[in-house]
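Peer 1: For the record, the sequence lines run as chains G and V. The letter at position 369 of the first sequence is residue 369 when you use this note's numbering, and the numbering goes up by one with no holes. Here this note's numbering = 1-based position in the second sequence + 422.
Number of protein chains: 2
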Amino acid sequence: MSARAGIVVTGTEVLTGRVRDLNGPWLADRLLELGVELGHITLCGDRPADIEAQLRFLAGQGVDLIITSGGLGPTADDMTVEVVSRFCERDLVLDPGLEAKIADIVTGLMARFPGVDPDAVLAANRKQALVPSGAEILDPVGTAPGVVVAGAPTVVVLPGPPRELQPMWDAAVATDAVQRAIAGRVTYRQETIRMFGLPESGLADTLREAQTRIAGFERLEITTCLRRGELEIVTRYEPHDAAVYSELLKVLRDKHSRELFSTDGTFVDDQVATLLAGRTIATAESCTAGMVAARLTDRPGSSAYVAGGVVSYSNEAKIELLGVDAALIEAHGAVSEPVAEAMAAGALRRFGADTAVATTGIAGPGGGSEAKPVGTVCFSVALADGTFLTRTSRLPGNRSDVRERSTTVAMHLLRRALTGDR
Amino acid sequence: MSARAGIVVTGTEVLTGRVRDLNGPWLADRLLELGVELGHITLCGDRPADIEAQLRFLAGQGVDLIITSGGLGPTADDMTVEVVSRFCERDLVLDPGLEAKIADIVTGLMARFPGVDPDAVLAANRKQALVPSGAEILDPVGTAPGVVVAGAPTVVVLPGPPRELQPMWDAAVATDAVQRAIAGRVTYRQETIRMFGLPESGLADTLREAQTRIAGFERLEITTCLRRGELEIVTRYEPHDAAVYSELLKVLRDKHSRELFSTDGTFVDDQVATLLAGRTIATAESCTAGMVAARLTDRPGSSAYVAGGVVSYSNEAKIELLGVDAALIEAHGAVSEPVAEAMAAGALRRFGADTAVATTGIAGPGGGSEAKPVGTVCFSVALADGTFLTRTSRLPGNRSDVRERSTTVAMHLLRRALTGDR
């Protein structure tokens, strides 16, 4: 027995590629975690006939659960609830409690838009309080509620914006209707390992070797993925195969002890945050221009250890704000290890911090040379005890890739400096 | 008359979201350029039954053209050509000319992998020389050829890797079979309008009004989408309806002159970059902690006008690095308009810039109060002539939303300050 699902992503902006669909992949991950098999993802525009055709197609494929995203807004082109209602053969009815709830939310929002006629807006939002009769309602995160309509298949209707869809998912899964639809699922364990500094082909090689050495290897469902410059290895297995997974973990540990930094799924960001407890950090950024500081402050509570930083895009800023010696820049160039160290030392001093990280590099597309091509980035971590950990990397990709990848390298250099793993 | 198409994206790694599908959006763009209407994109794994079901679904929807991507490799899980052959009711036949061509390519590749048995590889690649009888063959870019099978619908089979699929597209479109399939295409115009500071429901209201006032309104295909706090309005219409679109534009301009900032699709980032030509900008960021600086330096050539910035996360940093008066913080709090102005003024001074933008706010989840709840953010733009443009916003969402949205508000405040639209 098993449970199978399909996903219908609606929205002309998504179909035409103007907005990248984040919901399909995100929901695919959630279904995988639940042990529900995903058969199809279908995308269509804001056209009722196309949405309905996709629902009928998935139903014809015998899925137990359909999840739709998008088309719940107040504008006339948002028609998903109406279409789902017809598909499920339910009447569309006004839910007065829901209408009042949406009115409350909208009235709160209105305070920020004094020029807009509140009555017109409330009328527009009334459309969002129309739900298929008998549906379970998922409270709005924005202004749009989700709905769950039990049946064969059960249909879960979620809003399009990922920041509304994602928080609503748990509530959807908790409904009786969804629980009944996915009752046949298989429970898997899932473990995540992360590595940094290993090419994908090196990992592929190790996995091929593991395949010949580990009995039962074929019962592990291993998926690997390169993201933000790190390798993520997700393994799914049935609980009775836990020992096989332990064998795999041992092989990876033995072979890649330096690159393997997480066996419990934690990100380098989590680890750096833990390592910075009780410390104070400052940043000095050139090519990443604030992205390292932004990443360090991503998490709640980071003000306890982040003092601040300097974005020293120009040489003058490096000299004036970070106290880098002009002669050092003259001698080695702004993109050099000595300048990276001077920037880190300057950040330590200026912010009275005990930890500092500096980046200086050539993100491109211009500015590269034969000796320092585009993608050359120097990093330095300085600690209050006078130690420096300094590296130069040549990062692949375009301007945005180089900047993004640089923040990851900076995080790993911080991790190594703070764990004494130099 | 018109021409309609569907896209079938195959591959378990794409369906499960481990690899992001780039082919659907890319092909969608190409179809839009050709004037072919795209009805559906469907994704499935490497399962023959699912691929065939999607082909039958699209045929049932009456599309003139189906484009598939993926599943053309030499391994056993790549089955697209076989499935398409069956779907089109053609025999699968070995094309000896194609087999020789693939053998040539593979022999060349082998030189780079000395450990591999060339005979085994050639046997595996023979599979790729099997094509539906009567199909037009598209020369391989990697080792996999594409095929075009004429019919109702005509099916174009392309490889999965974007760097192979994209160069093959023009050859596919040039075939007689595809030209016949898309003979009914219509050339559309597409225009993009962007607004900031208007809720989606306010726009919905205006569009409903426009519907009653503008003759031919129903011939405009309007899609609206909220992203990064901005409203994007994309309208597609046939060239003879240009006057109807002009009417719509006039209504939107009249009603939302303050919020409408782009009628040619340019982003606020483009506009700010243009406005900053010949100027020098510095940033002073608290809650956004480098995100405004990162956004300003996103584009190549930004070093011409970005001097740098300070991330003044702590009060000490605001005082020491930006020269904010400690008494000002004491009197008004760090999140206040006077402090935002002092931060902007400090950035102007410290970097010798003529334009500065400052942010200070409560991103949450902690730190809010009744007077200044989470989401309260103060912004100030300072110019060298002594003018300030200062605003306080209450932004919705979680920590990451508030920070992201703040960068958008900062960009728009910059735009207003630099255009004199206060």
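A virtual CB, placed ideally from N, CA and C, is assigned to each residue, including glycine. Owing to the predicted nature of the structure, the values given are computational and were not obtained by experimental measurement.
In chain V, which residues lie with their C-beta within 9 angstroms of the C-beta of Asp-50 of chain G?
Peer 2: Simply Gly-461, His-462 and Gln-483.
Peer 1: Going by other Cβ atoms of all chains shown within 10 Å of its Cβ, with 16 needed for buried, is Pro-575 of chain V buried or exposed?
Peer 2: Buried, because 16 or more other Cβ atoms sit within 10 Å of the Cβ of Pro-575 of chain V.
Peer 1: Is there a C-beta anywhere in chain V that falls below 9 angstroms from the one on Phe-267 of chain G?
Peer 2: No - not a single Cβ of chain V is within 9 angstroms of the one on Phe-267 of chain G.
Peer 1: Suppose the cutoff is 6 angstroms on Cβ atoms and the five residues either side in sequence are ignored; what does the same chain contact list for Ile-102 of chain G look like?
Peer 2: For Ile-102 of chain G, where only same-chain residues beyond five positions count, the Cβ hits under 6 angstroms are Asn-125, Gln-128, Ala-129 and Thr-143.
Peer 1: Cβ of Ala-358 of chain G within 9 angstroms of Cβ of Ala-382 of chain G?
Peer 2: Cβ distance < 9 angstroms, so Ala-358 of chain G and Ala-382 of chain G count as in contact.
Peer 1: Please decide whether Cys-378 of chain G counts as near chain A, where near means a Cβ-Cβ distance under 9 angstroms.
Peer 2: Judged by its chain identifiers, the structure shown contains no chain A, and its protein chains are G and V.
Peer 1: Which chain V residues sit within Cβ distance under 8 angstroms of Asp-77 of chain G?
Peer 2: Here the neighbours are Ile-644, Thr-645 and Thr-646.
Peer 1: What residues from the segment 811-823 of chain V come within 8 angstroms of chain G, judged by C-beta to C-beta, listed N to C?
Peer 2: Those would be Ser-815, Arg-816, Pro-818, Gly-819, Asn-820, Arg-821, Ser-822 and Asp-823, in chain order.
Peer 1: Quick test of your reading: Arg-821 of chain V and Gly-786 of chain V, contact by CB under 8 angstroms. State the CB separation rounded to the nearest angstrom.
Peer 2: Yes, Arg-821 of chain V and Gly-786 of chain V are in contact; Cβ-Cβ is about 5 angstroms, under 8 angstroms.
Peer 1: For a cutoff of 9 angstroms on Cβ pairs, would you count Ala-481 of chain G as touching chain V?
Peer 2: The requested residue 481 of chain G does not occur in the structure, where chain G is confined to residues 1 to 422.
Peer 1: Beta-carbon of Phe-261 of chain G versus every beta-carbon of chain V: anything under 9 angstroms?
Peer 2: So, not an interface residue.
Peer 1: At a cut of 8 angstroms, does the segment 271-281 of chain G reach the segment 686-697 of chain V through at least three beta carbon pairs?
Peer 2: No: the two stretches stay apart, fewer than three of their Cβ pairs being nearer than 8 angstroms.
Peer 1: Measure from the C-beta of Ala-603 of chain V to each C-beta in chain G and report whether the shortest distance is under 9 angstroms.
Peer 2: For Ala-603 of chain V, the answer is no, since every Cβ of chain G falls outside 9 angstroms of its Cβ.
Peer 1: Examine the Cβ distances between the segment 729-743 of chain V and the segment 801-815 of chain V and report whether three or more of them are shorter than 8 angstroms.
Peer 2: Result no; under three Cβ-Cβ pairs closer than 8 angstroms.
Peer 1: Determine the direct distance from the alpha carbon of Arg-30 of chain G to that of Asp-21 of chain G, and round the result to whole angstroms.
Peer 2: Going from the Cα of Asp-21 of chain G to the Cα of Arg-30 of chain G covers about 15 angstroms.
Peer 1: Determine which residues share a DSSP beta bridge with Gln-190 of chain G and list them.
Peer 2: According to DSSP, Gln-190 of chain G bridges with G:Arg-236.
Peer 1: When burial is assigned at 16 or more other CB atoms within 10 Å of the CB, is Lys-672 of chain V buried or exposed?
Peer 2: Label assigned to Lys-672 of chain V: exposed.
Peer 1: Rounding to the nearest angstrom, what Cα-Cα distance links Gly-308 of chain G and Gly-797 of chain V in this structure?
Peer 2: For Gly-308 of chain G and Gly-797 of chain V, the distance between alpha carbons rounds to 20 angstroms.
Peer 1: Please state the DSSP three-state secondary structure of Ser-736 of chain V.
Peer 2: Three-state result, Ser-736 of chain V: coil.
Peer 1: Quick one: what's got a C-beta closer than 7 angstroms to Val-485 of chain V's C-beta in the same chain, skipping five residues either side?
Peer 2: So the list reads Arg-426, Ala-427, Gly-428, Gly-461 and Pro-575, once near-sequence residues are dropped.
Peer 1: Whether or not the segment 133-151 of chain G and the segment 83-95 of chain G are in contact is what I'm after, with contact meaning three or more pairs of Cβ atoms, one per stretch, closer than 8 angstroms; do they touch?
Peer 2: Output reads yes: the segment 133-151 of chain G touches the segment 83-95 of chain G.
Peer 1: So, helix, strand or coil for Met-501 of chain V, using DSSP?
Peer 2: Coil at Met-501 of chain V, not helix or strand.
Peer 1: Just checking Gly-420 of chain G against the ligand MN - is the residue's beta carbon closer than 8 angstroms to any of the ligand's heavy atoms?
Peer 2: Among the components modelled here there is no ligand, and therefore nothing to report on the ligand MN.
Peer 1: Within the 9 angstroms Cβ cut-off, does Leu-34 of chain G reach chain V?
Peer 2: No, no contact with chain V.
Peer 1: Considering only residues of the same chain and omitting the five flanking positions on each side of Ile-615 of chain V, which have a CB-CB separation below 6 angstroms?
Peer 2: Correct list, in chain order: Ile-655 and Thr-685.
Peer 1: Can you check which of these residues, G:Asp-205, G:Thr-107 and G:Val-377, is closest to Val-335 of chain G by C-alpha distance?
Peer 2: Selected option, being the one with the closest Cα: G:Val-377.
Peer 1: On the three-state DSSP scale, how would you describe Glu-259 of chain G?
Peer 2: Note: Glu-259 of chain G maps to coil in three-state DSSP.
Peer 1: With DSSP as the reference, label Gly-457 of chain V as helix, strand or coil.
Peer 2: Gly-457 of chain V: coil per DSSP, three-state reduction.
Peer 1: Taking 6 angstroms as the limit between beta carbons, can you name the residues of its chain near Asp-119 of chain G, skipping five residues before and five after?
Peer 2: Cβ neighbours of Asp-119 of chain G beyond the five flanking positions: none.
Peer 1: Roughly how many angstroms separate the alpha carbons of Gly-568 of chain V and Asp-472 of chain V, rounded to a whole number?
Peer 2: Computed Cα separation, rounded: 20 angstroms.
Peer 1: Span of the alpha helix (DSSP H) holding Val-63 of chain G?
Peer 2: Counting along the chain, Val-63 of chain G falls outside any alpha helix (DSSP H), and DSSP gives it neither H nor E.
Peer 1: Name the residue from V:Ser-724, V:Thr-719 and V:Glu-707 whose alpha carbon lies nearest to the alpha carbon of Ala-764 of chain V.
Peer 2: When each option's Cα is compared against that of Ala-764 of chain V, the closest is V:Glu-707.
Peer 1: Under 9 angstroms between beta-carbons, which chain V residues line up against Met-411 of chain G? List them in chain order, please.
Peer 2: Within 9 angstroms Cβ-Cβ: nothing; Met-411 of chain G doesn't reach chain V, min ~14 angstroms.
Peer 1: Is Thr-283 of chain G closer than 9 angstroms to Ala-171 of chain G when the C-beta atoms are compared?
Peer 2: Contact flag unset, no.
Peer 1: For Gly-808 of chain V, does the count of other Cβ atoms within 10 angstroms reach 16, so buried, or fall short, so exposed?
Peer 2: Gly-808 of chain V is exposed by the Cβ-count criterion.
Peer 1: Answer with yes or no whether the minimum CB distance from Glu-738 of chain V to chain G is below 9 angstroms.
Peer 2: Glu-738 of chain V counts as touching chain G.
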